[in-house]
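Q: Pasting a structure here, questions to come.
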Amino acid sequence: MSAVLIGEVLAVAMFATTIGAVLLGYPVAFTLAGVGLIFATLGIVLGVFDVAILSALVGRYFGTMTNETLVAVPLFVFMGVMLERSKIAEALLTTMGELFGSLRGGLGYSVVIVGALLAASTGIVGATVVTMGLLSLPAMMRAGYDPKLAAGTICAAGTLGQIIPPSTVLIFVGDILQGANQQAQLELGNMAPDPISVGQLFAGAIIPGLMLVGLYLAWILFKSIFDPKSCPPLEMSAERRAGLPGRVIGALAPPLALMLAVLGSILGGIATPTESASVGAVGAMLLTARKGQLNL
C-alpha cells in the first residue's frame with residue numbers, strides 16, 4: 000500500500016474516530032487533542048507523517064492566541080452563555096408563544112422567530128438549541144404538534160446561529176479566507192490585495208439568513224394549510240391575553256438592543272468584530288445583572 004493511500008485512510012479513520020468519541024460523550028477539547036496525537040503517532044510509525052511537523056505546533060498556538068480576529072469567538076460564546084443564564088430566551092419563547100399561539104402553527108412561528116433573534120444576539124448554536132428544546136418541545140407536544148415537525152423546527156431554528164451574524168463560524172471562515180485570498184492575489188500578480196474582513200462576511204450573510212428564516216416560516220405555513228392536524232392552535236384564555244403587548248415589548252427590547260449594539264457597530268464601521276464582541280459581552284452581563292441572575 001502506498002504512503003499516499005495510507006495517509007488518506009488514516010485521515011478518514013481519524014475523522015470517524017473523532018466523531019465517535021464526541022458522540023460517546025468525551026469532552027471535545029480532550030477528544031481533538033488526544034485523537035490528533037494518537038493518529039500522529041500512527042502516522043510516524045507507518046512512515047507517512049514527519050515528526051518535524053510537530054515542532055510547528057508551538058508557533059501555531061501562539062499565532063492563534065495573538066490573532067485579534069479569533070478573540071471575538073470566546074467573547075461571543077460568553078455573550079451567549081450570559082443570555083442563557085439571564086432567562087431572556089425563556090421570556091422570549093413564552094411571550095412569542097402567547098403572541099402567535101392562537102394561530103395554527105403559531106408555536107412553530109414563535110420558535111423560528113426566537114431562534115433568529117437568539118442567533119443575531121449570541122452567534123452560537125448550542126445554547127439556542129438546548130434552551131428551545133427544553134422549553135418549546137414539551138409545549139408543542141402538549142399542543143398536539145407532529146413530533147417530526149416540532150423537533151425539526153427547533154433544530155432548524157437553532158442552527159440559524161451558523162449563518163445569521165454575529166456567527167462564530169463566519170469568524171473562522173473569515174480568518175481562513177484572509178490568508179487564502181492574499182495568497183491567491185499574490186499569485187495573480189496583485190502585490191496590494193484588498194483584504195477580506197469578517198465584517199464583510201457578516202454583511203453578506205444577513206440577506207441569506209433572513210431568506211432562510213422566511214423559508215422556515217413558509218414551510219410551517221404550508222403545513223398549517225395542507226396538514227392542519229400537525230400544528231394545531233392553542234386555546235388562549237383572557238387572563239393570558241391581558242397585558243400581552245407589554246410583555247412582548249419587554250421581552251423583545253433587551254435582545255434587540257444587544258443585537259443593534261453588536262451588529263450596528265460592525266456594519267456601521269464603528270467597531271471591529273472583536274470590539275463589538277466585547278461590547279456584546281458587557282451588554283449581556285448588564286442584562287443578566289438586571290435580571291438578578293449574575294452571581295459573581
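Just so we're aligned: 218 in numbering that gives the first Met the number 0 is position 219 of the sequence shown, and the numbers increase by one with no gaps anywhere. Where a beta carbon is used, it is the ideal one built from N, C-alpha and C, also for glycine.
1) I'd like to know whether the C-beta atoms of residue 174 and residue 68 end up nearer to each other than 7 Å.
2) If we count Cβ pairs, one from each stretch, closer than 8 Å, do we get three or more for the region 196-204 versus the region 270-283?
3) Can you find a C-beta in chain B that's less than 7 Å from the C-beta of residue 189?
4) According to the neighbour-count rule (16 or more other Cβ atoms, all chains shown, within 10 Å of its Cβ), is residue 115 buried or exposed?
5) Considering Cα atoms alone, identify which of 249, 281, 277 is closest to residue 93.
6) Count the C-beta pairs between the region 102-117 and the region 153-160 that are closer than 8 Å, then say yes if the count reaches three, no if not.
7) Is residue 52 near the ligand GTP, in the sense that its beta carbon is under 6 Å from a heavy atom of that ligand?
8) With DSSP run on the structure shown, which of helix, strand or coil describes residue 68?
9) Whole angstroms is fine: what's the gap from residue 259's alpha carbon to residue 217's?
10) Tell me whether the beta-carbon of residue 208 lies closer than 7 Å to the beta-carbon of residue 170.
11) Starting from residue 274 and walking both ways along the alpha helix (DSSP H), at which residues does that stretch end?
12) On the DSSP letters alone, give me the boundaries of the alpha helix (DSSP H) that residue 17 sits inside.
13) Identify, in the order they occur along the chain, each residue of the same chain with its Cβ nearer than 7 Å to the Cβ of residue 149, setting aside the five sequence neighbours on each side.
14) Around the Cβ of residue 103, are there at least 16 other Cβ atoms within 10 angstroms (buried) or fewer (exposed)?
15) Do the CB positions of residue 74 and residue 202 come within less than 7 Å of each other?
16) Specify, as a first and last residue, the run of the alpha helix (DSSP H) that residue 147 falls within.
17) Work out the CA separation of residue 96 and residue 214 for me, nearest whole Å.
A: Straight from the coordinates:
1) Cβ atoms of residue 174 and residue 68: closer than 7 Å.
2) The region 196-204 makes contact with the region 270-283; the number of CB pairs closer than 8 Å reaches 3 or more.
3) No chain B is present in this structure, which holds just one protein chain.
4) Residue 115 is buried by the Cβ-count criterion.
5) Comparing Cα-Cα distances from residue 93 to each of 249, 281, 277, the minimum goes to 249.
6) Yes, the region 102-117 touches the region 153-160.
7) Here there are no bound small molecules, and the ligand GTP is not part of this structure.
8) In the three-state reduction of the DSSP assignment, residue 68 falls in the coil class.
9) Distance between the alpha carbons of residue 259 and residue 217: 26 Å.
10) In this structure, residue 170 does not lie closer than 7 Å to residue 208 by Cβ.
11) Note, residue 274: alpha helix (DSSP H), 272-289.
12) Boundaries of the alpha helix (DSSP H) harbouring residue 17: 2-22, taken from the DSSP string.
13) 136, 139, 140, listed in sequence order.
14) Residue 103 sits buried, since 16 or more C-beta atoms from the chains shown fall within 10 Å of its C-beta.
15) Contact flag unset, no.
16) Element bounds for residue 147: 146-157.
17) One Cα belongs to residue 214, the other to residue 96, and the distance between them is close to 19 Å.
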